[in-house]
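A.B. asks: Chains as they are written, first to last, in our numbering: chain A, 913 to 1261; chain B, -6 to 261; chain C, 8 to 255. No residue lacks a Cβ here, since even glycine has one placed at the ideal position from N, Cα and C. All figures in this text were calculated on a predicted structure; none of them were measured in a lab.
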Amino acid sequence: MTLHANLEVVRDGFRLGAELAVEPGEVVALLGPNGAGKTTALRALAGLLPLSGGHIRLGGQTWDAPPDVFRPAERRPIGVVFQDYLLFAHLSALENVAFGLRARGVGRAVARAEAARWLDLVGLAEHAKAKPRTLSGGQAQRVALARALATGPELLLLDEPLAALDAATRLHVRAELGRHLHDYPGHTLLVTHDPLDAMVLADRLVVLEHGAIVQQGTPTEVARRPRTDYVADLVGLNLYRGTAHGTAVALDSGGTLTVALPVTGPVHVVFPPTAVSLHPENPAGSPRNAWRVTVAGIEQHAHTTRVRLDGVPPVLADITTATVADLRLQPGDELWAAVKATEVHAYPS
Amino acid sequence: MTSTRRRARGRLPVVLVLPAVIGLAFLLVPLVGLLVRAPWSTLPERLAGESVGQALRLSLVCASLATVVCLVLGVPLAWLLARGDVPGRGLLRALVTVPLVLPPVVGGVALLFVLGRRGLLGQHLDAWFGISLPFTTAGVVLAEAFVAMPFLVISVEGALRAADPRYEEAAATLGASRWLAFRRVTLPSILPGVVAGTVLCWARALGEFGATITFAGNFPGETTTMPLAVYLALESDPESAIVLSVVLLLVSVGVLAALRDRWISGPS
Amino acid sequence: MRALALVALLVLAGCGERAPDGAVTGRITVFAAASLTGTFTRLGEDFEAANPGVDVVFNFGGSSGLARQIGQGAPADVFASAAPSTMAQVVDAGGTAAAPVTFARNRLEIAVPRGNPAGISGLADFGDADAKIALCAEQVPCGAAAKRAFDAAGITARPDTLEQDVKAVLTKVRLGEVDAALVYRTDVRSAAGEVEGIAFPGADGTVNDYVIAPLAAAPDDAGARAFVEHVRSDRGRAVLAEAGFDAP
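(1) Kindly indicate the opening and closing residues of the alpha helix (DSSP H) around A/F1011.
(2) Hey, is B/E232's beta-carbon within less than 8 Å of any beta-carbon in chain E?
(3) Any beta carbon of chain A sitting closer than 8 Å to that of B/L173?
(4) Give me the chain A residues within the contact set of B/A71, using Cβ-Cβ distance strictly less than 7 Å, ordered along the chain.
(5) On the three-state DSSP scale, how would you describe A/H1105?
(6) Between C/L73 and chain B, is there a C-beta pair that is closer than 8 Å?
(7) Can you confirm whether B/P127, when its beta carbon is compared against all beta carbons of chain C, has any partner nearer than 8 Å?
(8) Here's a check: name, in chain order, each residue in its chain whose Cβ is nearer than 7 Å to the Cβ of B/L58, leaving out the five neighbours to either side.
(9) Work out the CA separation of A/V1055 and A/L1036 for me, nearest whole Å.
(10) Indicate whether at least one CB of chain B lies closer than 8 Å to the CB of A/R1016.
(11) Is the Cβ of A/L998 closer than 8 Å to any Cβ of chain B?
(12) Does B/F212 get closer than 8 Å to chain C when you measure Cβ to Cβ?
(13) How would you list, in chain order, the residues of chain B whose beta-carbon sits under 7 Å from the beta-carbon of C/T163?
(14) On the criterion of 16 or more Cβ atoms from any shown chain inside 10 Å, does B/F139 qualify as buried, or is it exposed?
(15) In angstroms, rounded to a whole number, what distance separates the CA positions of B/L74 and B/G151?
(16) Compute the distance between the beta-carbons of A/V940 and A/R1200, then report whether it is under 8 Å.
(17) For the region 173 to 193 of chain C, which residues have a CB atom closer than 9 Å to at least one CB atom of chain B, in sequence order?
(18) Could you tell me the boundaries of the alpha helix (DSSP H) in which A/W1030 lies?
(19) Taking only three categories from DSSP, how would you classify B/R171?
(20) Which partner residues of A/K1252 appear in the DSSP bridge assignment?
(21) Near C/E55, what residues of its chain come up, given a Cβ to Cβ distance below 8 Å and the 5 sequence neighbours on each side ignored?
(22) When burial is assigned at 16 or more other CB atoms within 10 Å of the CB, is B/G247 buried or exposed?
(23) Between A/R923 and chain B, is there a C-beta pair that is closer than 8 Å?
(24) Which residues, in chain order, does the region 28 to 39 of chain B contribute to contact with chain A at a C-beta distance below 7 Å?
(25) Compute the Euclidean distance between the alpha carbons of B/V100 and B/V239, then round it to the nearest angstrom.
(26) Determine the contact status of C/F234 and C/I35, defining contact as a CB-CB distance below 8 Å.
(27) Please name the residue, chosen from B/S170, B/G203, B/V149, that lies closest to B/V188 on a Cα-to-Cα basis.
(28) How far does the alpha helix (DSSP H) with A/Y1096 in it extend, from its first residue to its last?
(29) Check the C-beta distance from A/E1329 over to A/L970 and give it rounded, since I have them as a contact under 8 Å.
(30) Which same chain residues, not among the five before or five after A/E1246, have their C-beta less than 6 Å away from its C-beta?
(31) To which residues of the same chain is A/L1093 closer than 7 Å at the C-beta, ignoring the five residues directly before and after it?
(32) Go ahead and pull the three-state DSSP assignment for B/I124.
(33) What did DSSP end up calling B/S148 once you bin it into helix, strand or coil?
(34) By a C-beta neighbour count over all protein chains shown, 10 Å radius and 16 as the cutoff for buried, is A/Q1127 buried or exposed?
(35) Do A/L1006 and A/A1027 come within 8 Å of each other at the CB atom, strictly closer than that value?
(36) Within 8 Å of any Cβ in chain C, is that where the Cβ of B/I206 sits?
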């Protein structure tokens, strides 16, 4: 059962036109700047906003096909995690999670037992009786996730699920959210403006700009071949999976990177292309990462030049036009890439 | 140690404190006047009179029933005004407040025009069902509800408009119909506003005079509420009027204070 | 409402004064029973026409309420009461400048809505439980008079409402909310066309005296006395008679 959505929404001078397909078990991230139409798309899928044109179909069922068909939100098998969670303040965590089951006609005892199971799954069994305002941001996010998943939805919609969290909490919650999304068998659409969230959590990125899709593909594809300056800026990240042992991270794709802060276990390693410097010789000396690379391509962007480099690992580098001239870069040139350990961030995954 | 106590925000501004104190005095001094003039020595025997208990009971029952009527009709009306997609909402909102600005006596006459024996609806009620509302306890409840309902509607509507409608959307995505979302999500979240409106509504109904005496008349045990008893006592025996007023005052202040402790201050 | 009227009067009541040539000038404030509203308004206009420079200001209301206001120091020059007993309160408090005189009488009459739909014929119908009946509360003069009438006739009235004043009773009859009521004859006359009057034997026993007196606190003593004389003049009697009052 594939989710097919041809979203057309016109209102207040804004027009959204986006065609999406999401497979079961797939996590698609809708990525774009504020005002790109991400939230409009999510609200249309949720049934909180009727389409102006197009359709939304899941399997054999049509959710929205103007002007004839419109299923309101309460009659769609969906779960939504809102940006600020919108937990019901007067209900306990358990009652919040049980709410959807109760609303769908499940008996009180069964609903509460199922809700308790979900709270346990997100590690909040001991907070079942807590009111939302006594929960931390990360806990509230997990309650919101449990609430959205408890009804067993076909489509899970997440609206900036990590945006309300502080940086430290975000790391852990992101990793945990990733595990839950991995286990979730339904369709997932994640709306975010944060490329790191998108690249870490999603199987596929859909980049939305001014109400239209400008590029889509796997995170690596999109990052390595950004089709516009905007996408290049947005998803221009060097991102690797690997296993950390202290400050050394063995990358799944080969090679090793040194990080400043010791960690252990599976991680994502991330650094921006601007952190990469290029040298004709091995820049020995300071404790940093340096490895041999070959120039695979050079793209001129508005203020910088992005260089695609093959090597172990492959890497993107943003360098100034002056440096390009100094090094007389040509595809096929052999160079050394270097990154300071302090610029390399490892996130548990 | 009080001499070393320091304030973080400086002194309270006189420009606020002075009018505040004058305002408080303006509200309280008439009550003090009432208490000072009350014939305390003869109070017990005056209160023992059957008519006082009867009027007080009738007042409390009618005000409470009127409040129930206002809740049943007024909360949905407030919801319609705050959330409903009705044309001319601004005008409707203004019309709802009409009983606030209408002299209550006029309100009573208006009720007679509609529900009286020869009223637009009243003539049919009388002819078809034999129901006649004027001069009945039900008439008192109606008159009080008419005058008091705007207080409830305005405060509930204010609470609804301040409440975030996205919670209703969240409930919808969880499978809740609009009715369920209203009942289980919206209503609990605006409970303080509903309680405040209910208290105002009840207090207004309890003190209602003009519309009641015009629409429901005055007959002991049936339509003579405390304010009516006070007014008539004023004609012949001002001291009794003061006693009745003090009783009404004490009962209503007692009820409101109890409600306030229970509901309005909340768990702080 | 009364309090507001009082405040307005306190502000408005200027000091009447006697002009050097002896003519009456300034403002005369008259507190009068509500049932005198029509007649006294006309008499006030006459008086103003006859005395250029004089401004007659009225405060109409229930007699007992007016007496209370006078007792609290309201600046009134003349008091016209619908009941000698309320006037007596003012006299007892030393509030009058001259002995009160009776200037008109009123009597009760049965009032029924136009066409008399319930077929009321006399006082006996007031004991009928099915008839809707309005009376004045016993605390106000018209209610006390009604009680006297029923006592004299040996009838137990079964009212549905006891109104706070006679105008409220009249309103209920006008709107057809009640089948019958006892009001003053002048009230029936004032609502002619909407209300029909039925005289009843024994109404003589319900006669109510209207008394008037200039007040001691009168800022304008001469004006007050002149107005009282005007009410008692032939012209005054004619206006009162036209409205349904009996001469004393």
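C.D. replies: On the basis of the data shown:
(1) For the purposes of this step, residue 1011 of chain A is identified with residue 99 of the first sequence, where counting begins at 1. Run containing A/F1011: 1005 to 1015, per the alpha helix (DSSP H) assignment.
(2) Protein chains A, B and C are contained in the structure displayed, whereas chain E is not.
(3) In the second sequence, counting from the first residue as 1, residue 173 of chain B sits at position 180. B/L173 counts as touching chain A.
(4) Residue mapping note: residue 71 of chain B aligns to position 78 of the second sequence, counting from 1. Near B/A71 there are no residues of chain A at all, since even the closest Cβ is about 19 Å away, more than 7 Å.
(5) Position 193 of the first sequence holds residue 1105 of chain A. Here A/H1105 sits in coil by DSSP.
(6) For the purposes of this step, residue 73 of chain C is taken as residue 66 along the third sequence, with counting starting at 1. For C/L73, the answer is no, since every Cβ of chain B falls outside 8 Å of its Cβ.
(7) Start at 1 with the first residue of the second sequence, and residue 127 of chain B comes out as number 134. At least one chain C Cβ lies under 8 Å of B/P127.
(8) Taking the second sequence and counting its residues from 1, one reaches residue 58 of chain B at position 65. Hits under 7 Å: V134.
(9) Your numbering for residue 1036 of chain A matches position 124 in the first sequence. Your numbering for residue 1055 of chain A matches position 143 in the first sequence. Taking the straight line joining both Cα atoms gives about 8 Å.
(10) Indexing the first sequence from 1 puts residue 1016 of chain A at position 104. Interface residue, yes.
(11) Locating residue 998 of chain A in the first sequence gives position 86, counting from the first residue. Closer than 8 Å to some Cβ of chain B, the Cβ of A/L998 qualifies, so yes.
(12) Position 219 of the second sequence holds residue 212 of chain B. Judged by the 8 Å Cβ criterion, B/F212 is in contact with chain C.
(13) Taking the third sequence and counting its residues from 1, one reaches residue 163 of chain C at position 156. Correct list: empty, because the minimum Cβ distance to chain B is about 15 Å.
(14) For the purposes of this step, residue 139 of chain B is identified with residue 146 of the second sequence, where counting begins at 1. With 16 or more Cβ atoms within 10 Å of its Cβ, B/F139 is classed as buried.
(15) Along the second sequence, read from residue 1 onward, the residue named residue 74 of chain B stands at position 81. Along the second sequence, read from residue 1 onward, the residue named residue 151 of chain B stands at position 158. Distance between the alpha carbons of B/L74 and B/G151: 10 Å.
(16) Position 28 of the first sequence, counted from the start, is the residue given in the question as residue 940 of chain A. Position 288 of the first sequence, counted from the start, is the residue given in the question as residue 1200 of chain A. No; because the gap between Cβ atoms is not below 8 Å, this pair is not in contact.
(17) A175, T178, K179, L182, G183, E184, V185
(18) Residue numbering aside, residue 1030 of chain A sits at position 118 when the first sequence is read from its first letter. 1020 to 1033 is the span of the alpha helix (DSSP H), which, as asked, contains A/W1030.
(19) Position 178 of the second sequence, counted from the start, is the residue given in the question as residue 171 of chain B. It is helical.
(20) Residue mapping note: residue 1252 of chain A aligns to position 340 of the first sequence, counting from 1. Per DSSP, A/R1200.
(21) Within the third sequence, residue 55 of chain C is the residue found at index 48, counting from 1. So the list reads V61, D62, V63, once near-sequence residues are dropped.
(22) As a position in the second sequence, residue 247 of chain B is number 254, starting the count at 1. Exposed: under 16 other Cβ atoms inside 10 Å.
(23) As a position in the first sequence, residue 923 of chain A is number 11, starting the count at 1. No, its Cβ sits nowhere closer than 8 Å to a Cβ of chain B.
(24) none
(25) As a first step, residue 100 of chain B is located in the second sequence; it is residue number 107 there, counting from the start. As a first step, residue 239 of chain B is located in the second sequence; it is residue number 246 there, counting from the start. The question names Val, but residue 100 of chain B in the sequence shown is Gly. Cα to Cα, the separation comes out at about 27 Å.
(26) The residue you call residue 234 of chain C lines up with position 227 of the third sequence. The residue you call residue 35 of chain C lines up with position 28 of the third sequence. Yes, they are a contact pair.
(27) Start at 1 with the first residue of the second sequence, and residue 188 of chain B comes out as number 195. For the residues B/S170, B/G203, B/V149, the minimum Cα distance to B/V188 belongs to B/V149.
(28) Reading the first sequence from its first residue, position 184 is the one you call residue 1096 of chain A. It is not in any alpha helix (DSSP H) - A/Y1096 carries neither H nor E in the DSSP assignment.
(29) Missing from the structure shown is residue 1329 of chain A; chain A here goes from 913 to 1261 and no further.
(30) Along the first sequence, read from residue 1 onward, the residue named residue 1246 of chain A stands at position 334. Result list for A/E1246: T1206, in chain order.
(31) For this step, residue 1093 of chain A is matched to residue 181 along the first sequence. Around A/L1093: V939, T1100, L1113.
(32) The residue you call residue 124 of chain B lines up with position 131 of the second sequence. Looking at B/I124 - three-state DSSP - the assignment turns out to be coil, as it is neither helix nor strand.
(33) Against the second sequence, residue 148 of chain B aligns to sequence position 155. B/S148: helix per DSSP, three-state reduction.
(34) Taking the first sequence and counting its residues from 1, one reaches residue 1127 of chain A at position 215. Classification for A/Q1127: buried.
(35) Mapped onto the first sequence, residue 1027 of chain A falls at position 115. Mapped onto the first sequence, residue 1006 of chain A falls at position 94. For A/A1027 and A/L1006, yes; Cβs fall inside 8 Å.
(36) Indexing the second sequence from 1 puts residue 206 of chain B at position 213. B/I206 counts as touching chain C.
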